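Participant: Below is the structure I would like to discuss, written out as structure tokens.
In my numbering, the protein residues as written are 28 to 325.
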């Protein structure tokens, strides 16, 4: 009997020209992704609470921790992290960012959709500035639909739990984002100057101090150096704010200068940076975020 059954199965699988191929299993859809960033730190339970809210609404969620060590209250730091991370994630990714020193005030809560189809759920305090400049914005909407909140009554100090986390989860699971609230025409922008070339000098701004090394992160695309004719091995003159002028070698790696010596380079994000080999440029030279700088030829 077993032989007969096997023969029938073999006949059914046989097709002219060879054995019939069994249909391939349907690919398993990727779980929806939320990229989560805050200045909460991880010593208390705030991050875990927000994750619990999101998973309660969508258990399939894949939550990626961008960082929870953004400099406390530093909207500029948060804006930089979002812009630096966004290009590495696909369309449909939802970013939820909570660096919100104005929580509980009249500041708005937004969902912003970019040209690549990513969503950013965040307070309207400038966090979206660099993403908007880099990625382009299709539309922004104010979060006013209370049905999308965690509970009918909002805490005055924890909108990460009550507003941003539940909205991010609903977007990630495919709910209609136009239901969050009405479109807005504009949003708060941080005043970050664009890089400029004046009288053959390159004018830039320090965006951040890279933790924990003390390297300077700037707003100048490294390609601009090449366009101006600078190349590895050149010595450049750089002035930060009203400080003294520094003469720095333009190098590719830190090890091209002795330990403790300063340098200029193009960092892994393609931006002009300044560092000290095995030291902190920011500490040694007293430079802070938003310090302007001017780079000239030797």
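Note that the Cβ used here is the ideal one computed from N, Cα and C, for glycine as well.
What you are looking at is a predicted structure, and each value in this text was computed from that prediction instead of being measured.
Quick one: what's got a C-beta closer than 8 Å to residue 204's C-beta in the same chain, skipping five residues either side?
Facilitator: Result list for residue 204: 138, 140, 146, 168 and 198, in chain order.
Participant: Based on the DSSP secondary-structure assignment, which residues constitute the bridge partners of residue 223?
Facilitator: In DSSP, residue 223 forms a bridge with 230.
Participant: Which same chain residues end up closer than 8 Å to residue 312 when comparing Cβ atoms and leaving out the 5 residues on each side of it in sequence?
Facilitator: Cβ within range, chain order: 267, 270, 273 and 289.
Participant: Specify the secondary structure class of residue 323 as computed by DSSP and reduced to three states.
Facilitator: In the structure shown, residue 323 sits in a strand (DSSP, three-state: E or B).
Participant: Which value, in whole angstroms, describes the spacing of the CA atoms of residue 93 and residue 256?
Facilitator: Spanning the two alpha carbons is a distance of roughly 36 Å.
Participant: With 16 other CB atoms within 10 Å as the buried threshold, where does residue 201 fall?
Facilitator: Flag for residue 201 reads exposed.
Participant: If you count every other CB in all the chains shown that lies within 10 Å of the CB of residue 39, and 16 or more means buried, which is it?
Facilitator: Below a pLDDT of 50, predicted positions are generally treated as unreliable, and residue 39, at 45, falls in that range; no measurement from the model is reported.
Participant: So if DSSP puts residue 235 in a beta bridge, which residue, or which two residues, is it bridged to?
Facilitator: According to DSSP, residue 235 bridges with 244.
Participant: Between which two residues does the beta strand (DSSP E) holding residue 290 run?
Facilitator: From DSSP, the beta strand (DSSP E) with residue 290 extends over 289 to 293.
Participant: So, are the CB atoms of residue 216 and residue 156 less than 9 Å apart?
Facilitator: Yes, they are a contact pair.
Participant: Measure the alpha-carbon distance for residue 124 versus residue 112 and round it to whole angstroms.
Facilitator: The straight-line gap from Cα to Cα measures roughly 12 Å.
Participant: So, do the stretch 218 to 230 and the stretch 316 to 325 have three or more beta carbon pairs nearer to each other than 8 Å?
Facilitator: Yes, since at least three Cβ pairs between the stretch 218 to 230 and the stretch 316 to 325 fall closer than 8 Å, the two stretches touch.
Participant: In terms of residues, what are the limits of the alpha helix (DSSP H) holding residue 197?
Facilitator: It spans 192 to 199 - the alpha helix (DSSP H) in which residue 197 sits, taken as one unbroken run.
Participant: Among 298, 295, 84 and 260, which has the Cα closest to the Cα of residue 283?
Facilitator: The shortest C-alpha separation from residue 283 is found at 260.
Participant: Select from 306, 61, 165 and 185 the residue whose C-alpha is nearest the C-alpha of residue 243.
Facilitator: Nearest option by C-alpha distance: 306.
Participant: From residue 18 to residue 126, what does the alpha carbon distance come to, in whole angstroms?
Facilitator: The first residue shown for the chain is 28 and the last is 325, placing residue 18 beyond what the model contains.
Participant: Let's test the definition: count the other Cβ atoms within 10 Å of the Cβ of residue 208 and tell me whether it reaches 16, buried, or not, exposed.
Facilitator: By the neighbour-count rule (16 or more Cβ atoms within 10 Å), residue 208 is buried.
Participant: May I ask you to verify whether the stretch 290 to 310 touches the stretch 237 to 252, counting CB pairs closer than 8 Å and requiring at least 3?
Facilitator: Touching, yes.
Participant: Could you name the residues that DSSP lists as bridge partners for residue 64?
Facilitator: In DSSP, residue 64 forms a bridge with 94 and 124.
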